[in-house]
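Residue numbers (this note's numbering), protein chains in the order written: chain A, 1 to 244; chain B, 245 to 563.
All residues carry an ideal CB built from backbone N, CA and C; glycine is no exception.
Quick notes on the structure that follows.
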């Protein structure tokens with residue numbers, strides 16, 4: 001497992017080796033501010049919490065996470081370094097995990113840079129910091145699920161743009177399956193059990209509970225198993241199409 | 245050290261490697277030759293454990309690549325085709341990463357990195373991002389990562405591709421220097437390279453081994469092998485007379501006139517059954533009063549042999 005750490009370190013430093021990292025971090029913080037203040041009415045709500053901030057994270061991740069995950073494998077394929085990597089004495093699990101953890105850590109860094117919101121809300125009022133912590137944890141878990149999907153799809157192509165677009169669409173499916181509009185539509189044509197199944201696959205459903213401070217085991221298990229599943233498929237995809 | 249049995253790999257309907265078997269032992273430098281798309285790189289990708297074969301076995305130092313991939317990869321240093329590298333890393337950071345993942349730590353890692361840097365002369369570019377380096381330097385970084393852990397087995401896919409003549413010479417010297425205690429397999433398009441560094445030349449075409457022997461044996465198959473190039477200044481005798489006279493020399497099977505200007509003549513004598521021709525032909529020239537301006541025994545031309553073997557094969561498979 002020492003190899004996971006070595007690959008993780010290399011991958012993380014690769015993010016910071018290009019200007020993309022700083023652009024990403026700046027945009028992430030900037031957009032989460034825009035969403036929270038202008039669309040979420042952070043001040044007008046006059047509530048000492050970060051609901052206005054967290055509720056837009058699924059939408060923010062929808063296009064920012066695919067931008068982060070698109071190069072994970074597509075770039076290895078394009079540059080041919082995938083051959084270098086898999087002729088080193090490492091296992092598939094170590095590489096997939098190392099790369100995923102590096103991307104996840106990067107998201108964690110981006111998320112932690114939003115600390116001014118936390119400071120603001122603590123300065124203006126007396127929020128429940130436990131709820132806020134749960135919100136951050138839930139957001140990070142959800143980001144992990146987005147990333148695992150993005151990583152898997154990035155493994156299918158050597159073209160980063162394709163990886164970006166397809167990941168965005170798949171993630172959109174996971175977000176929208178909890179949207180009232182979609183659920184109403186499904187409810188009109190299918191029995192309630194189908195509606196519940198569709199809703200249970202949604203990021204929104206699980207994230208909303210966590211962001212309200214309810215760190216339910218079921219929601220955590222949902223995101224963790226989603227991550228494990230997509231990373232497993234990721235490994236299968238690479239094994240299957242290594243040479244492509 | 246490397247035992248390959250009935251190795252087969254298919255890509256869709258194309259059989260890239262078709263029932264290939266060969267062994268390579270310590271101290272051998274095996275040159276893998278063949279036209280583009282012959283299956284050289286695919287074979288190397290399977291030996292290094294990157295691609296899984298569709299049939300056959302590869303054993304390295306007694307271990308099966310399919311069942312012990314990680315252990316086998318520890319033994320091998322590999323330069324993939326085109327020397328892919330992480331371009332955003334500096335040379336030093338990249339070599340550190342390789343050392344770490346090869347399990348080298350602390351002073352040992354530093355010693356091995358320094359030694360690899362010295363062997364391929366990378367000292368001047370250590371702090372530069374790999375993306376900014378010239379093709380020659382990139383290739384050398386690729387070589388450095390392959391030899392970093394002092395592997396028992398070196399697999400080099402076109403190690404001198406894109407290098408200038410001086411750099412080619414350096415890399416060949418490096419390979420020769422390591423050849424005694426290692427098993428080296430390299431692929432190349434450059435036939436002189438086989439002659440310069442390989443102890444054995446294996447020609448592969450359409451996924452099959454079509455020739456396997458020492459470079460010397462390969463040269464012997466050339467029609468130019470032991471042929472004699474003669475430059476002569478003849479008196480009044482016309483070229484036809486000269487050819488007739490030379491044909492009469494014992495051991496000469498065929499005489500070809502390559503060039504003629506005035507009284508100067510360049511002819512090629514082909515031997516019958518490997519008889520040395522330089523002595524008798526020189527004597528014949530002296531006896532006729534011709535001035536000899538050039539006398540050169542050809543060793544044979546690998547290009548000719550290579551084309552004869554691979555084009556013949558290709559024609560057969562297309563027909």
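Alpha carbon of residue i to alpha carbon of residue j, nearest angstrom
i	j	result
residue 192/A	residue 176/A	17 Å
residue 7/A	residue 446/B	37 Å
residue 459/B	residue 430/B	14 Å
residue 545/B	residue 276/B	17 Å
residue 203/A	residue 379/B	47 Å
residue 219/A	residue 361/B	52 Å
residue 150/A	residue 163/A	7 Å
residue 255/B	residue 451/B	12 Å
residue 113/A	residue 230/A	27 Å
residue 209/A	residue 402/B	57 Å
residue 454/B	residue 285/B	16 Å
residue 485/B	residue 440/B	40 Å
residue 47/A	residue 315/B	59 Å
residue 482/B	residue 438/B	41 Å
residue 274/B	residue 367/B	30 Å
residue 69/A	residue 122/A	33 Å
residue 563/B	residue 251/B	Its pLDDT being 29, under 50, residue 563/B is placed unreliably in this model, and the value from its coordinates should be taken loosely. Computed Cα separation, rounded: 25 Å.
residue 205/A	residue 180/A	10 Å
residue 120/A	residue 33/A	12 Å
residue 532/B	residue 278/B	46 Å
residue 558/B	residue 516/B	Note that residue 558/B has pLDDT 45, beneath the 50 cutoff, so the model's placement of it is unreliable and no number is given.
residue 75/A	residue 5/A	20 Å
residue 41/A	residue 387/B	58 Å
CB contact below 8 Å: residue i versus chain E
i	result
residue 294/B	Here chain E cannot be found, since the structure's protein chains are A and B.
Beta-carbon neighbours of residue i, restricted to chain A and to distances below 8 Å
i	result
residue 573/B	No answer is possible for residue 573/B: it lies beyond the span of chain B, which begins at 245 and ends at 563.
residue 314/B	89, 90, 91
residue 326/B	80
Under 9 Å from the C-beta of residue i: neighbouring residues of chain A
i	result
residue 543/B	Neighbours of residue 543/B on chain A: none; closest Cβ ~37 Å, over 9 Å.
residue 384/B	Correct list: empty, because the minimum Cβ distance to chain A is about 15 Å.
Pair within 8 Å by beta-carbon distance, residue i and residue j
i	j	result
residue 321/B	residue 395/B	yes
residue 510/B	residue 475/B	yes
residue 302/B	residue 427/B	no
residue 160/A	residue 71/A	yes
residue 272/B	residue 432/B	no
residue 343/B	residue 353/B	yes
residue 98/A	residue 234/A	no
residue 472/B	residue 513/B	yes
residue 211/A	residue 135/A	yes
residue 547/B	residue 392/B	no
residue 223/A	residue 145/A	yes
residue 168/A	residue 19/A	no
residue 125/A	residue 207/A	no
residue 335/B	residue 370/B	yes
residue 287/B	residue 264/B	yes
residue 536/B	residue 526/B	yes
residue 385/B	residue 399/B	no
Contacts of residue i in chain B (Cβ-Cβ under 7 Å)
i	result
residue 98/A	Simply none; closest approach about 10 Å.
residue 242/A	294, 295
residue 141/A	Those do not exist, as residue 141/A stays about 29 Å from chain B at its closest Cβ, beyond 7 Å.
residue 156/A	Going along chain B, no residue has its Cβ under 7 Å from residue 156/A, so there is no contact; the nearest lies around 18 Å.
Nearest residue (CA-CA) to residue i, options the options
i	options	result
residue 298/B	334/B, 258/B, 331/B	258/B
residue 61/A	153/A, 80/A, 143/A, 233/A	143/A
residue 270/B	313/B, 465/B, 319/B	319/B
residue 294/B	280/B, 304/B, 313/B	313/B
residue 215/A	153/A, 140/A, 75/A, 11/A	140/A
residue 178/A	196/A, 104/A, 36/A, 240/A	196/A
residue 130/A	12/A, 9/A, 51/A, 1/A	51/A
residue 1/A	345/B, 337/B, 300/B, 324/B	345/B
residue 236/A	90/A, 137/A, 85/A, 153/A	153/A
residue 280/B	497/B, 519/B, 448/B	448/B
residue 282/B	340/B, 550/B, 417/B, 261/B	261/B
residue 104/A	213/A, 76/A, 12/A, 188/A	12/A
residue 116/A	83/A, 87/A, 29/A, 106/A	29/A
residue 619/B	304/B, 389/B, 541/B	Outside the displayed range of chain B (245 to 563) lies residue 619/B, so it cannot be described from this structure.
Residue i: contacting residues in chain B (beta-carbon distance under 8 Å)
i	result
residue 72/A	Residues of chain B passing the Cβ test: none, with the nearest at roughly 13 Å.
residue 25/A	Chain B residues near residue 25/A: none, gap ~17 Å exceeds 8 Å.
Contacts that residue i makes with chain A (C-beta to C-beta distance below 7 Å)
i	result
residue 303/B	Simply none; closest approach about 17 Å.
residue 317/B	87, 88, 89
Under 9 Å from the C-beta of residue i: neighbouring residues of chain B
i	result
residue 101/A	Result: empty, since nearest Cβ-Cβ is about 16 Å, beyond 9 Å.
Review point. What residues from the segment 329-340 of chain B come within 8 Å of chain A, judged by C-beta to C-beta, listed N to C?
Key: 329, 330, 331, 332, 333, 337
**Study point:** Residues, ordered as in the chain, of the segment 3-17 of chain A that lie near chain B by beta-carbon distance below 7 Å
**Key:** 3, 6, 10, 14, 17
Review point. For the segment 41-65 of chain A, which residues have a beta carbon sitting closer than 8 Å to at least one beta carbon of chain B?
Key: none
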